[in-house]
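Once you know that position 75 of the sequence shown is 144 in my numbering, the rest is easy, because the numbers rise by one and skip nothing.
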Amino acid sequence: METQKSYETHQSGTLYLVPTPIGNLGDMTYRAVETLKEVDWIASEDTRNTQKLLNHFEITTSQISYHEHNSTERIPHFIDMLEKGANMAQVSDAGMPSISDPGHDLVVACIEAGIPVVPLPGANAGVTALIASGLNPQPFTFIGFLKRKKKDQKEQWEQLKNKEETLIFYESPYRIKETIANLGSVLGADRQVVICRELTKRYEEFIRGTAAEVLDWLDQTEVKGEICFMVAGNDEPEEEKTHFFPEDLKEHVEQVMAFENSTAKDAIKHVAKIRQLKKQDVYQAYHEL
Numbered sequence: 070m071e072t073q074k075s076y077e078t079h080q081s082g083t084l085y086l087v088p089t090p091i092g093n094l095g096d097m098t099y100r101a102v103e104t105l106k107e108v109d110w111i112a113s114e115d116t117r118n119t120q121k122l123l124n125h126f127e128i129t130t131s132q133i134s135y136h137e138h139n140s141t142e143r144i145p146h147f148i149d150m151l152e153k154g155a156n157m158a159q160v161s162d163a164g165m166p167s168i169s170d171p172g173h174d175l176v177v178a179c180i181e182a183g184i185p186v187v188p189l190p191g192a193n194a195g196v197t198a199l200i201a202s203g204l205n206p207q208p209f210t211f212i213g214f215l216k217r218k219k220k221d222q223k224e225q226w227e228q229l230k231n232k233e234e235t236l237i238f239y240e241s242p243y244r245i246k247e248t249i250a251n252l253g254s255v256l257g258a259d260r261q262v263v264i265c266r267e268l269t270k271r272y273e274e275f276i277r278g279t280a281a282e283v284l285d286w287l288d289q290t291e292v293k294g295e296i297c298f299m300v301a302g303n304d305e306p307e308e309e310k311t312h313f314f315p316e317d318l319k320e321h322v323e324q325v326m327a328f329e330n331s332t333a334k335d336a337i338k339h340v341a342k343i344r345q346l347k348k349q350d351v352y353q354a355y356h357e358l
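Structure follows, in structure tokens:
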């Protein structure tokens with residue numbers, strides 16, 4: 070156990086987690102600007118992107134790049150700097166540090182080293198989109214980015230389909246159509262979905278409807294820009310629903326093949342997994358061996 074009194078005098082420096090605007094520079098807080106001016110260094114996900122922000126607010130503090138590809142080598146260096154008394158701010162390209170960026174690893178390292186970590190409030194795409202979505206704002210679960218492979222993503226949706234809280238995701242405009250299609254095939258075509266595009270920017274747009282309606286919109290629209298989307302929770306969760314299987318294993322495999330448009334091999338693996346059986350037993354039942 071450890072306690073942190075953020076604003077007492079410390080022998081080390083302090084790591085400040087500073088949110089940055091998600092599109093509209095007017096969302097930068099006074100405190101964020103002052104903090105970035107006062108620290109000794111700024112650890113930035115993309116120094117070129119952050120430099121535009123610094124120039125706009127006339128901030129001259131030096132930057133050091135810090136992203137998922139160099140975090141392992143950078144963290145020991147940052148800890149050494151902080152232990153020697155330097156104060157540092159960590160920023161993402163947009164929004165909250167540690168949310169879908171490597172800031173969390175730096176936070177953990179600082180805590181382990183006894184270095185104070187001070188968070189600043191500010192812009193966050195997920196919560197900002199949620200409060201205007203029309204979906205239940207609480208409780209909610211932030212998921213972030215889903216897995217990219219169709220099979221892996223559908224397994225994620227299976228794990229989430231009985232969640233009663235609103236679910237929040239980030240997604241690429243190039244993958245959103247396939248993601249909503251996967252969602253609909255597992256959660257149902259009538260599940261309520263809200264897509265928020267270009268949040269806080271000039272072309273901000275909300276698309277609200279069922280999974281089927283949203284997918285139809287995506288079929289007719291070339292989607293661009295940053296995307297956050299939310300899914301309504303299941304108001305009638307049935308925890309035992311996945312156990313209502315056809316008694317006959319072969320029939321179950323055939324149902325999976327038809328619904329998922331999958332091969333017999335993949336369907337056998339799927340049935341074996343959800344029924345907690347050996348693949349060999351399902352294989353033999355399907356092929357009537």
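Note that the Cβ used here is the ideal one computed from N, Cα and C, for glycine as well.
| Check | Outcome |
| --- | --- |
| Buried versus exposed, by CB contacts within 10 Å (16 or more), Pro31 | The structure shown does not extend to residue 31, since the chain is modelled only from 70 to 358, so the question has no answer here. |
| Endpoints, alpha helix (DSSP H) assigned at Ile337 | 333–343 |
| Sequence-distant residues of the same chain with beta carbon closer than 6 Å to Met97, five excluded per side | Pro90 |
| Where Val108 sits in the DSSP three-state scheme | coil |
| Beta carbon of Ile245 nearer than 8 Å to that of Cys297 | no |
| Gly165 in three-state terms, based on DSSP | According to the sequence as given, residue 165 is Met; it is not Gly. Three-state DSSP puts Met165 in coil, outside helix and strand. |
| Runs of alpha helix (DSSP H) lying entirely within the region 166–192, each at least 4 residues, in chain order | 172–181 |
| Segment limits, beta strand (DSSP E) that includes Glu274 | 274–279 |
| Of the residues Glu234, Thr248, Asn330, the one placed nearest Asp221, counting alpha carbons only | Thr248 |
| Three-state class that DSSP yields for Met299 in the structure shown | strand |
| Spatial neighbours of His79 in its chain, beta-carbon cut-off 7 Å, leaving aside the 5 residues before and after | Pro185 |
| Neighbour-count burial assignment, Thr119, 16 or more Cβ in a 10 Å radius | buried |
| Run of the beta strand (DSSP E) containing Phe209, from where it starts to where it stops | 209–214 |
| Pairwise C-alpha distance: Val102 and Glu127 | 9 Å |
| Which of helix, strand or coil DSSP assigns to Glu240 | strand |
| Short Cβ contact (8 Å threshold) for Glu227 with Val255 | yes |
| Contact under 8 Å by Cβ, Ala336 with Met326 | yes |
| Where Leu86 falls: helix, strand or coil (DSSP) | strand |
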